[in-house]
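With UniProt numbering, the residue at position 79 of the sequence shown is 79, and numbering never jumps. Virtual Cβ for every residue (Gly too), placed ideally from N, Cα, C. To start, the structure itself, in structure tokens.
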Amino acid sequence: MKYVVLIHSNPQPWGHPTIDFTAVGRAIPADERAAMGKEFDELLTELSASGELVSGLALDAPSTSRTYRWEGKKPVSTDGPYAESKEQLAGFFVLNCDSRARAEELAAKFAGPGDVVELRPEMEF
């Protein structure tokens, strides 16, 4: 079954990896951040090799987005993110896991300083 790991963050300024752009991330010594980055790269390599990593993207700043809403009888677009909130969607990974337990195990590894990670299964039709 496929799962999406949604990474919500509030980097200031917006940037990736988010650990380098959040207050809590910048408080971690550079050598520790580098080690964490290496561990994350190794995780992605492992998941690619196992076939569990389907895809992933880092997203540009919320200010670059366009929002489309239905008004009256047509869609209307506006600049900026959908809603005002502290955390915005910073990126995502799609995983293909044999079980929810495995997906939850992996999702926990995607959580980083200053980030909120959401795990959501795909909807099957």
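If contacts are defined as beta-carbon pairs under 8 angstroms, then residue i and residue j qualify, I think. What distance do you get, rounded to the angstrom?
i: L59; j: A90; result: 6 angstroms
i: R120; j: V4; result: 5 angstroms
i: E118; j: H8; result: 7 angstroms
i: K2; j: L95; result: 7 angstroms
i: L44; j: F92; result: Incorrect: roughly 13 angstroms between the Cβ atoms, too far for contact.
i: A23; j: G114; result: 7 angstroms
Drop a sphere of 10 angstroms on the beta-carbon of residue i, count the other beta-carbons inside from all chains shown, and report buried for 16 or more, exposed for fewer.
i: L53; result: buried
i: L47; result: buried
i: T18; result: buried
i: G112; result: buried
Given a cut-off of 8 angstroms, decide if residue j and residue i are closer than it, judged by their beta-carbon atoms.
i: R33; j: D20; result: yes
i: S55; j: Y68; result: no
i: E87; j: N10; result: yes
Helix, strand or coil for residue i per DSSP?
i: I19; result: helix
i: D98; result: coil
i: F40; result: helix
i: L106; result: helix
i: S55; result: strand
Say the cut is 7 angstroms; is the CB of residue i nearer than that to a heavy atom of the ligand MG?
i: E118; result: As presented, the structure is devoid of all ligands, the ligand MG included, so that no description of it is given.
With three or more C-beta pairs closer than 8 angstroms as the rule, is the segment 53-67 touching the segment 9-25? Yes, the segment 9-25 is in contact with the segment 53-67.
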